[in-house]
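Undergrad: Numbering (our numbering), first residue to last: 194 to 553.
Ideal Cβ placement from N, Cα and C applies to all residues, glycine included.
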Ligand SMILES: Nc1ncnc2c1ncn2[C@@H]1O[C@H](COP(=O)(O)OP(=O)(O)OP(=O)(O)O)[C@@H](O)[C@H]1O
Ligand SMILES: [Mg+2]
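Written out as structure tokens, the structure reads:
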């Protein structure tokens with residue numbers, strides 16, 4: 194990401210995992226002047242990962258335990274199965290001979306299980322960049338050696354909401370108004386939203402720079418009453434600052450969530466009048482709706498498990514650090530102890546335990 198923002202030639206691709214279940218995988222795209230299949234980019238990623246791991250441990254690695262989200266694609270079993278198969282095919286093509294899968298939240302639960310001494314029921318909450326996954330699982334240190342733990346999984350639910358959605362809403366709430374979003378033009382008419390939606394959505398930003406969108410944006414000046422806002426919009430589009438703004442919003446979100454204090458969005462490439470600040474309060478407001486959906490999905494999981502309550506809510510995934518989310522979860526499940534797990538390594542550590550059991 195830093196290389197891209199620093200001007201390195203290339204294409205920025207984020208959240209490739211979300212493309213796994215689509216037909217796009219077999220299509221070609223241009224990278225560095227060459228036509229490559231999206232599928233081959235996934236293979237390349239696996240090869241690089243394999244090579245780095247092998248260099249680290251000093252021997253070849255031919256087995257892989259792949260984590261997968263509960264749902265790659267919502268409400269479409271066929272595309273979900275395709276995503277699963279495509280991931281496995283890419284790993285095989287990269288040189289892994291033995292490939293197994295484990296659901297990511299279950300892997301996270303295995304990691305937590307290493308730390309408990311008696312039977313515990315847990316709601317594992319994994320809030321990442323693109324998805325929020327929930328699993329109710331019965332954990333028991335004495336059952337650790339069983340490879341088939343399917344019966345201990347009482348329920349799973351998931352929703353396609355995560356950190357990138359939070360970034361979009363925070364960008365729309367804090368930065369895009371400086372470019373005219375929600376600005377009322379002559380006669381009280383609001384501006385069209387599309388350019389602001391494109392600019393605040395990671396995978397759509399480049400649309401905003403197309404010749405057609407730029408032309409449309411340039412002509413938009415007649416719809417502004419405050420032309421300084423239009424000038425700023427054009428400055429952002431001409432300078433291709435969309436990713437930089439969204440990265441600034443993400444950094445401020447993380448700073449605000451860690452410090453529980455206000456954090457400024459750094460926009461040094463724009464005029465001085467534009468210095469938006471994300472406060473704990475404004476963040477809670479901007480994210481209230483998606484966080485309510487996330488909590489709802491968590492409660493559905495507990496309900497589907499048939500348990501009256503869980504002992505522990507175990508948090509993992511980068512976005513699980515958000516204080517308003519933790520507060521909402523604790524309020525929704527007042528009897529459970531909130532445990533903050535390893536935010537980034539928990540799933541991978543659990544996959545390693547699952548892989549070791551499989552091969553032992
Ligand atoms: N302290 C923090 N507070 C809030 N959000 C954070 C924090 N640290 C990281 N994030 C967010 O966490 C997300 C990345 O989390 P994670 O690495 O768990 O996702 P992922 O596993 O790649 O995505 P997914 O599980 O959805 O496929 C990013 O959106 C990032 O902005
Ligand atoms: Mg994840």
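#1: Please name the residue, chosen from 274, 204, 249, 368, that lies closest to residue 229 on a Cα-to-Cα basis.
#2: Can you name, in chain order, every residue of its own chain whose Cβ lies under 6 Å from the Cβ of residue 493, other than the five neighbours on each side?
#3: Could you spell out where the alpha helix (DSSP H) holding residue 279 opens and where it closes?
#4: Run the CB neighbour count on residue 470, radius 10 Å, all protein chains shown included, and call it buried at 16 or more, exposed below.
#5: For residue 379, which residues of its own chain have a beta-carbon under 7 Å away from its beta-carbon, when the five flanking residues on both sides are left out?
#6: Hey, residue 518 and residue 484: beta-carbon distance below 8 Å or not?
#7: Taking C-alpha atoms, which residue in 548, 475, 539 lies nearest to residue 308?
#8: Based on Cα-Cα distance, which residue from 304, 354, 319, 357 lies nearest to residue 333?
#9: Would you mind sorting residue 451 into buried or exposed? The rule is 16 or more other CB atoms within 10 Å of its CB.
#10: Would you say the beta carbon of residue 321 is closer than 7 Å to some non-hydrogen atom of ligand 2?
#11: What three-state label does DSSP hand residue 527 in the structure shown?
#12: Whose C-alpha, out of 509, 404, 458, 425, is nearest the C-alpha of residue 439?
#13: Can you tell me the Cβ-Cβ gap for residue 301 and residue 543, rounded? I've got them flagged as a contact below 8 Å.
#14: Three-state secondary structure (DSSP) at residue 356?
#15: Tell me the DSSP secondary structure of residue 290 in three-state form.
#16: Within the same chain, show all residues whose beta-carbon is closer than 8 Å to that of residue 206, passing over the 5 residues directly before and after it, in chain order.
#17: Say the cut is 7 Å; is the CB of residue 324 nearer than that to a heavy atom of ligand 1?
TA: Short version:
#1: Comparing Cα-Cα distances from residue 229 to each of 274, 204, 249, 368, the minimum goes to 204.
#2: When the five nearest sequence neighbours on each side are left out, the beta carbons in the same chain lying within less than 6 Å of the beta carbon of residue 493 are those of 350, in order along the chain.
#3: Start and end: 270-286.
#4: exposed
#5: Within the same chain, Cβ atoms closer than 7 Å to the Cβ of residue 379 are found at 418, the five residues on either side in sequence being excluded.
#6: yes
#7: 539
#8: 304
#9: exposed
#10: yes
#11: coil
#12: 458
#13: 5 Å
#14: helix
#15: coil
#16: 234
#17: Yes, Cβ of residue 324 sits closer than 7 Å to a heavy atom of ligand 1.
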